[in-house]
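For the sequence shown, the numbering used here assigns the number 7 to the initial residue and increments by one for each residue that follows.
For reference, the structure discussed in these notes is given below.
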Amino acid sequence: MMASGPEMIIAGACHAKAAIQCIQARQIERVRKARIRAKERVRKMVTYKLADRRVDSASVISGLFMGLAIGALFLIAPAQAQQQPAKKAPAATPAKKPAASKKATGSAWVKLCQEQKGEKKQTICLVHHERFHPTTGQPLISAAVRKITGQKQETILIMVPLGRLLRPGLFVKVDKEKAVSLPYSYCTAVGCVAEVPAKPELIASFKKGREITIGTIDVSRKKIGFKIPLTGFSTAYDGPPVDQAIYTKARKDMFAQIRKRQIELAKRAAAAAKKRSATEGAGQPAPKKAP
């Protein structure tokens, strides 16, 4: 059977130099599908209850999922993230952690550690700051320093919302020091991430600094800045990790407050709409009676 016209065109396009483009396109498609599958697995794992009832608000669930996705993404070792194992990887077992120090109260940073099993047992620690929108629960900014046992090189990860120009990258400035340019490494459904080796000088400036300024440029070429306080960074970096149960409860309480705020705002909006409708109806003349 002879190939149809479209098939012959496609076959011809995949010859010579175009074959390279076809291979690249297939690789991009495989990565895209893998990300979709990973996102779906995480989504199915997310269960959030409020007052023994499942919260079905799309914005809160989305915000919670994104918040969990940030931590899960940053707690993955780079080598492990690049592997495509044939068998399903075993669930990670959290490492035993001492309770957080009282000195960390009021800290803008938290230290999380997780033990990952594999060919080589590793403990990944994350000194992390994240901030969410107080009403929607959507992540606004996230910054972290990742440390892996047995590796001297640490990694800094900064995530900003989507809608940024990728070519300029982002800019990191500590207090009045000179800004450092960081290229974006990848973007996900959560945001765009710059993942680069953390130089000792940058970690030292984080320890003694007061705040970080993250500079980005959005698609309208407008400069957007984010401020991250460095309060508690040094204590979290040098100290023990927080208790996972306490941290999880604190996150659930935070999203419960966001859900409560959403309900209150929805009630106010409904009441205002009802009042406005009643006022507009009262101002209209009564319909004339038919003769």
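The beta-carbon is built from N, C-alpha and C at its ideal position, and this holds for glycine as well.
Quick caveat, the model's predicted, so the values are computed rather than measured.
(request) Answer yes or no: the CB of Pro-235 versus the heavy atoms of the ligand FAD, is any distance below 8 Å? (result) This structure lacks the ligand FAD, and indeed carries no ligand of any kind.
(request) Kindly identify the DSSP beta-bridge partner or partners of Gly-221. (result) Locating residue 221 in the sequence shown gives position 215, where the first residue counts as 1. Gly-221 pairs with Phe-177, Gly-231.
(request) Taking Thr-161 and Ala-204 to be in contact with their CB atoms under 8 Å, please state how far apart those CB atoms are, rounded to whole angstroms. (result) Translated into the one-based positions of the sequence shown, residue 161 becomes position 155. Translated into the one-based positions of the sequence shown, residue 204 becomes position 198. Indeed, because the Cβ distance is near 6 Å, the residues count as touching under 8 Å.
(request) Starting from the Cα of Glu-136, find the closest Cα among Lys-273, Ala-114, Arg-173, Ala-200 and give me that residue. (result) Taking the first residue of the sequence shown as 1, we reach residue 136 at position 130. For Glu-136, the closest alpha carbon among the candidates Lys-273, Ala-114, Arg-173, Ala-200 is that of Ala-114.
(request) Would you kindly work out how many angstroms separate the C-alpha atoms of Gly-169 and Phe-212, rounded to a whole number? (result) As a first step, residue 169 is located in the sequence shown; it is residue number 163 there, counting from the start. As a first step, residue 212 is located in the sequence shown; it is residue number 206 there, counting from the start. Cα to Cα, the separation comes out at about 27 Å.
(request) Can you tell me which of Arg-267, Lys-184, Ile-147, Gln-157 puts its alpha carbon nearest to the alpha carbon of Lys-126? (result) As a position in the sequence shown, residue 126 is number 120, starting the count at 1. Restricting attention to Arg-267, Lys-184, Ile-147, Gln-157, the CA atom closest to the CA of Lys-126 is found in Gln-157.
(message) For a test of the three-state rule: what should DSSP assign to Tyr-253, helix, strand or coil?
(response) Here residue 253 refers to the residue found at position 247 of the sequence shown. Residue state, collapsed to three classes: helix.
(request) May I ask which residues mark the beginning and end of the beta strand (DSSP E) holding Asp-129? (result) The sequence position of residue 129 within the sequence shown is 123, counting from 1. Before going further, note that residue 129 is Thr rather than Asp in the sequence given. Note, Thr-129: beta strand (DSSP E), 128-138.
(request) Apply the 10 Å Cβ neighbour rule to Ile-264 and answer buried if 16 or more other Cβ atoms are within range, or exposed otherwise. (result) Start at 1 with the first residue of the sequence shown, and residue 264 comes out as number 258. Ile-264 comes out buried.
(request) Look up Ala-284 in the DSSP assignment and say whether it is helix, strand or coil. (result) Reading the sequence shown from its first residue, position 278 is the one you call residue 284. Three-state DSSP puts Ala-284 in a helix.
(message) Please list the terminal residues of the continuous beta strand (DSSP E) segment that includes Glu-121.
(response) Translated into positions along the sequence shown, residue 121 becomes position 115. Where Glu-121 is concerned, the enclosing beta strand (DSSP E) starts and stops at 116-122.
(message) Measuring only the C-alpha atoms, how far is Thr-155 from Ile-218?
(response) Counting from one through the sequence shown, the residue named residue 155 turns up at place 149. Counting from one through the sequence shown, the residue named residue 218 turns up at place 212. About 26 Å.
(request) Determine the burial state of Ala-210: buried for a count of at least 16 other Cβ atoms within 10 Å of its Cβ, exposed for fewer. (result) Locating residue 210 in the sequence shown gives position 204, counting from the first residue. With a threshold of 16 other beta carbon atoms within 10 Å, Ala-210 falls short and is exposed.
(message) Any contact between the segment 242-254 and the segment 266-283? By contact I mean 3 or more CB pairs, one from each, below 8 Å.
(response) In the pairwise beta carbon analysis, the segment 242-254 is classified as not touching the segment 266-283: fewer than three pairs are separated by under 8 Å.
(message) Check this for me: beta carbons of Val-133 and Ile-220, under 9 Å apart or not?
(response) For this step, residue 133 is matched to residue 127 along the sequence shown. For this step, residue 220 is matched to residue 214 along the sequence shown. Here Val-133 is not near Ile-220, since their CB atoms are 9 Å or more apart.
(request) On a CA-only basis, which of Leu-163, Lys-153, Leu-271, Lys-123 is nearest Glu-201? Give me that one, please. (result) Taking the first residue of the sequence shown as position 1, residue 201 is located at position 195. For Glu-201, the nearest C-alpha among the options comes from Leu-163.
(request) Assign Ala-276 to one of two classes, buried (16 or more other C-beta atoms within 10 Å of its C-beta) or exposed (fewer than that). (result) Taking the sequence shown and counting its residues from 1, the one referred to as residue 276 is at position 270. Its Cβ having fewer than 16 others within 10 Å, Ala-276 is exposed.
(request) Give the C-beta separation of Pro-145 and Gly-197 to the nearest angstrom, bearing in mind that I take them to be a contact with Cβ-Cβ under 8 Å. (result) The residue labelled residue 145 in the question sits at position 139 within the sequence shown. The residue labelled residue 197 in the question sits at position 191 within the sequence shown. That belief holds up - the Cβ atoms of Pro-145 and Gly-197 are roughly 7 Å apart, short of 8 Å.
(message) I need the straight-line Cα distance from Asp-224 to Val-186, nearest angstrom please.
(response) Residue mapping note: residue 224 aligns to position 218 of the sequence shown, counting from 1. Residue mapping note: residue 186 aligns to position 180 of the sequence shown, counting from 1. Going by C-alpha positions, Asp-224 is about 18 Å away from Val-186.
(request) Compute the Euclidean distance between the alpha carbons of Thr-285 and Pro-189, then round it to the nearest angstrom. (result) Here residue 285 refers to the residue found at position 279 of the sequence shown. Here residue 189 refers to the residue found at position 183 of the sequence shown. About 55 Å.
(request) Sort Thr-142, Glu-35, Gln-120 by Cα distance to Ala-272 and report the nearest one. (result) Taking the sequence shown and counting its residues from 1, the one referred to as residue 272 is at position 266. Comparing Cα-Cα distances from Ala-272 to each of Thr-142, Glu-35, Gln-120, the minimum goes to Thr-142.
(request) Go through its chain and collect everything with a Cβ distance to Ala-105's Cβ below 6 Å, but skip five positions before and after it. (result) One-based indexing of the sequence shown puts residue 105 at position 99. Since pLDDT at Ala-105 reaches only 41, below the 50 mark, its modelled position is unreliable, and no value is offered.
(request) Report all residues from its chain with a CB closer than 7 Å to the CB of Ile-34; omit the five preceding and five following residues, and keep chain order. (result) Counting from one through the sequence shown, the residue named residue 34 turns up at place 28. So the list is empty, once near-sequence residues are dropped.
(message) If you measure between the beta carbons of Ile-2 and Thr-237, is that distance less than 9 Å?
(response) Within the shown structure, residues of the chain are numbered from 7 to 297, placing residue 2 beyond reach of any answer.
(request) On a CA-only basis, which of Arg-216, Gln-268, Glu-183, Cys-193 is nearest Leu-172? Give me that one, please. (result) Counting from one through the sequence shown, the residue named residue 172 turns up at place 166. Among Arg-216, Gln-268, Glu-183, Cys-193, the Cα nearest to that of Leu-172 is on Cys-193.
(request) Using three-state DSSP, classify Ala-163 as helix, strand or coil. (result) By one-based count along the sequence shown, residue 163 stands at place 157. Going by the sequence as given, residue 163 is Leu instead of Ala. Here Leu-163 sits in strand by DSSP.
(request) Specify the secondary structure class of Leu-171 as computed by DSSP and reduced to three states. (result) Counted from its first residue, the sequence shown places residue 171 at position 165. Leu-171 falls in the coil class under three-state DSSP.
(request) Taking all protein chains shown into account, decide if Gln-159 is buried (16 or more other Cβ within 10 angstroms of its Cβ) or exposed. (result) By 1-based counting over the sequence shown, the position of residue 159 is 153. Flag for Gln-159 reads exposed.
(request) Output yes or no for whether 9 Å exceeds the beta carbon distance between Asp-244 and Gly-215. (result) Taking the first residue of the sequence shown as position 1, residue 244 is located at position 238. Taking the first residue of the sequence shown as position 1, residue 215 is located at position 209. Their beta carbons are not under 9 Å apart, which means Asp-244 does not touch Gly-215 by this criterion.
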